[in-house]
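Residue numbers (the working numbering): 371 to 797. Ideal placement from N, C-alpha and C gives every residue a C-beta, glycine not left out. For clarity, every value in this text was computed on a predicted model and none was experimentally measured. What follows is a set of notes on a single structure, which appears directly below.
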Ligand code: GDP
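Printed below as a string of structure tokens:
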């Protein structure tokens, strides 16, 4: 995808996350100079399979697995420092050379131990399916101008005041929940003091570094986490994450010009999944859910939670195409459908006598809707070895063609297995 005129590409999930972005980032990173994360935190989990090894990366951009590629964590991320260094140490232990290749925005906010405590203790947060890693509370503090940034570690006196403030606020919330747990400022400060030298050693102005790299013609890959329907503004609010997962979030979360992004690749599964509560209009019944969950190994990379499964929803993906300005799609996990007798494709939502084709902002508008399906014959043969469109069964091609027509975006990749080489490139 990188060529002389396409130098900066953003990759986003165009459903509810877990679309297989990690694999596409891995494929594109081969030709990138930089891979940059721009939002989310340790709640994201990319699974990357290289040979027989599978690695789950939560915070370190998955480009790190490619020697020579530089990786950065942008200001839009909320960083769990200890978690990140655990990942780094794990990578080093498996022989990945990380030295001098990982950069961290000095403007990124830090997830504090008290954020995790609040997250775990919050009964309300359970209802929106948090991963309990403190991401939501850290973003809340950021917006409330109570957050702690990496650059604050350079100023011990300031840091102490901020940690005391944050701890006090967390304790007010905890007592509001009726929890008897309390955060301790001294504990947090000691942890920060321990980790500060290592963090500051990789801290820099990532926006400046990437802007300079862009000027010099570098190939830059902006790696989104979660999915468009989980975007705090454009997703199925309030069943969303705390950040802007959509392509616009990439400019903000790295500190670069939106005009510098040349292409936006949306990753979608050939069906749909979501984790936790919230609308999923095309959700299967229990038996079918279990079948597809098993076929597609639909269990969370971070939490192990079983994912809810349903048919491909063209209303949702067309919406994601618009909100992100997608220039291409990567359709993953086609192989998971190989054995199904027939395959549904949702083209609209029937409500009363009308069919809705634009995804609504008000979830109440989704109540009582009935998905309208077009049905496709299954292909009953393995697609795992297909490496070009011509290798795919006619029925699979018909299904893919219809998806592209409905969502008004061309497919640039079709993925047919977990391995790096199990992909059909159409660009
Ligand atoms: P991400 O967060 O979007 O990167 O998604 P995850 O890593 O959580 O989930 C994607 C899972 O699907 C991983 O286990 C991938 O190895 C796997 N995967 C990706 N592409 C394909 C594919 O084409 N076929 C199959 N069967 N699995 C895939």
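- Set against 8 Å, the gap from the CB of residue 391 to the closest heavy atom of ligand 1 is smaller.
- Residue 437 is not a Cβ neighbour of residue 406, given a cutoff of 9 Å.
- Cβ-Cβ distances below 6 Å link residue 540 to 484, 488, 553 in the same chain, with the five nearest sequence neighbours on each side left out; the list follows chain order.
- Between residue 380 and residue 592, the C-beta gap is smaller than 9 Å, which places the two residues in contact.
- In the structure shown, the three-state DSSP call for residue 771 is helix.
- In this structure, ligand 1 has a non-hydrogen atom nearer than 8 Å to the beta-carbon of residue 595.
- For residue 621, the CB stays at least 8 Å from every heavy atom of ligand 1.
- Boundaries of the beta strand (DSSP E) harbouring residue 747: 740-747, taken from the DSSP string.
- Distance from the C-beta of residue 771 to the nearest heavy atom of ligand 1 is not below 8 Å.
- In the same chain as residue 400, and ignoring 5 residues on each side of it, the C-beta atoms closer than 7 Å to its own belong to 436, in chain order.
- Checking the DSSP bridge columns, you'll see residue 378 partnered with 590.
- By the 16-neighbour rule on beta-carbons within 10 angstroms, residue 654 is buried.
- Residue 404 is bridged by DSSP to 440, 590.
- With contacts defined as CB atoms closer than 9 Å, residue 741 and residue 716 qualify as a contacting pair.
- Contact annotation, residue 638 with residue 389: C-beta distance approximately 6 Å; criterion of less than 8 Å satisfied.
- If you look at residue 644, you'll find it in the beta strand (DSSP E) that goes 642-644.
- Distance from the Cα of residue 648 is smallest, within the candidate group 526, 599, 433, for 599.
- Distances from the alpha-carbon of residue 507 to those of 612, 545, 533 put 612 closest.
- Between the segment 760-779 and the segment 698-718 there are three or more inter-stretch CB-CB distances shorter than 8 Å, so the stretches are counted as touching.
- Burial check for residue 604: the Cβ neighbour count within 10 Å reaches 16 or more, so the residue is buried.
- The closest CA to that of residue 747, considering only 411, 764, 576, 736, is found on 764.
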